[in-house]
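Novice: My questions all concern the structure below.
Residue numbers (this note's numbering): 778 to 1079.
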């Protein structure tokens, strides 16, 4: 499979027609057609629909699937060119749940970029369960998840823990109370986030899991945009509640019978390459500086 043919295919898709691609690439339409025909022959599949009256490019189902592969190839090709011209450099792909990427890690990312400008950093927001597989497949170098799993090639460490508290808007009946009993919180007004198995088990002990009026969110970040009345409430990690104080008149209360602490796990591959190990060591040193007590400690707050 020759590179020029893939680049030509991507340019046709980008510009919307073979004639526009020919102008951009400074080629004749005949040359464009020959490249695409040769690519289709090598792949053994038709990529573009052809026929009278078809002026704009239309991908066949096979062409749509190959487009995804071609885009990945293009990115890898760029990486190879950079490696050839600049030599090896540090890189790191980090995955984290959205609440961590929004409230906790921006300081870390800014500091990494400021002090290590040559390091290539890719940041992904993922659900907890996705990260183990991506670490195992080396699609992530480092990940921060809420769920503990057992995978043969994934090293799991407790990154930090945090007590769970009740977050609501100030006002109404809740303003005079510093602590609240779970049974005094109405499930009709809850914004529910499933923080993990142990939290879910605790939650089901106090409230009927089949309550139809409960609003269930798959993102802790959504809580702040959903809280709009003092009667509403959500159970969140204390660090998230404290971070929310900068965004509005929120009230934080402790629970008389709290759930298990929020636990963030740090994932890495058991067999790290030398470059990956160097990048992870840099991240660990910055985490120590920013978050204080280091891996396995209570989150120090804000």
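Where a beta carbon is used, it is the ideal one built from N, C-alpha and C, also for glycine.
Bear in mind that the values here come from a model prediction, so they are computed numbers and not experimental data.
#1: How big is the Cα-Cα spacing for residue 1013 and residue 854?
#2: Is it true that the CB of residue 872 sits closer than 7 Å to the CB of residue 903?
#3: Secondary structure at residue 896, three-state DSSP: helix, strand or coil?
#4: DSSP beta-bridge partners for residue 902?
#5: Cα separation between residue 1064 and residue 824?
#6: Hey, could you find the ends of the beta strand (DSSP E) residue 941 is sitting in?
#7: Going by DSSP, what residues sit across from residue 1032 in a beta bridge?
#8: Assign residue 938 to one of three DSSP states: helix, strand, or coil.
#9: Tell me, to the nearest whole angstrom, how far the beta carbon of residue 782 is from that of residue 827; I am working on the premise that it is less than 8 Å.
#10: In chain order, what residues of the same chain have a beta carbon less than 7 Å from the beta carbon of residue 977, not counting five sequence neighbours either side?
#11: Mapping DSSP to helix, strand and coil, what is residue 1072?
#12: Helix, strand or coil for residue 786 per DSSP?
#13: Kindly confirm or deny that the stretch 919-939 and the stretch 953-967 touch, where touching means at least three C-beta pairs closer than 8 Å.
#14: Residue 1014 by DSSP, collapsed to three states: which one?
#15: Going by beta carbon distance, what residues of the same chain come within less than 6 Å of residue 789, once the five residues before and after it are set aside?
#16: Quickly, what does DSSP pair residue 932 with across the bridge? List them, please.
#17: Cutting at 6 Å between CB atoms, please list the residues of its own chain near residue 983, excluding the five before and the five after it.
#18: Which residues does DSSP pair with residue 1027 in a beta bridge?
Specialist: Reading off the structure:
#1: Within the chain shown, the letter at position 236 stands for residue 1013. Within the chain shown, the letter at position 77 stands for residue 854. Straight-line Cα distance between these residues: approximately 43 Å.
#2: Residue mapping note: residue 903 aligns to position 126 of the chain shown, counting from 1. Residue mapping note: residue 872 aligns to position 95 of the chain shown, counting from 1. Yes, the Cβ-Cβ distance between residue 903 and residue 872 is below 7 Å.
#3: Here residue 896 refers to the residue found at position 119 when the chain shown is read from its first residue. Note: residue 896 maps to coil in three-state DSSP.
#4: As a working note, residue 902 is residue 125 in the chain shown. Answer is 873.
#5: As a working note, residue 1064 is residue 287 in the chain shown. As a working note, residue 824 is residue 47 in the chain shown. Cα-Cα distance, rounded: 48 Å.
#6: Start at 1 with the first residue of the chain shown, and residue 941 comes out as number 164. 941-946 is the extent of the beta strand (DSSP E) around residue 941.
#7: Your numbering for residue 1032 matches position 255 in the chain shown. 957, per the DSSP bridge assignment.
#8: Within the chain shown, numbered from 1, the residue matching residue 938 stands at position 161. Residue state, collapsed to three classes: strand.
#9: Residue 782 sits at position 5 when you count from the first residue of the chain shown. Residue 827 sits at position 50 when you count from the first residue of the chain shown. In fact, because the Cβ distance is near 17 Å, the residues do not count as touching under 8 Å.
#10: As a position in the chain shown, residue 977 is number 200, starting the count at 1. Excluding sequence neighbours, residue 977 sits near 971.
#11: Here residue 1072 refers to the residue found at position 295 when the chain shown is read from its first residue. Note that residue 1072 has pLDDT 45, beneath the 50 cutoff, so the model's placement of it is unreliable and the number below is only indicative. Three-state result, residue 1072: coil.
#12: Counted from its first residue, the chain shown places residue 786 at position 9. Of the three classes helix, strand and coil, the one that applies to residue 786 here is helix, per DSSP.
#13: no
#14: By one-based count along the chain shown, residue 1014 stands at place 237. Of the three classes helix, strand and coil, the one that applies to residue 1014 here is strand, per DSSP.
#15: Along the chain shown, one-based indexing puts residue 789 at 12. Only 795, 798 and 834 meet the Cβ criterion.
#16: Indexing the chain shown from 1 puts residue 932 at position 155. In the DSSP output, where bridge partners are listed per residue, residue 932 has 1045.
#17: Start at 1 with the first residue of the chain shown, and residue 983 comes out as number 206. 959, listed in sequence order.
#18: Taking the chain shown and counting its residues from 1, one reaches residue 1027 at position 250. DSSP output for residue 1027 lists 946 as bridge partner(s).
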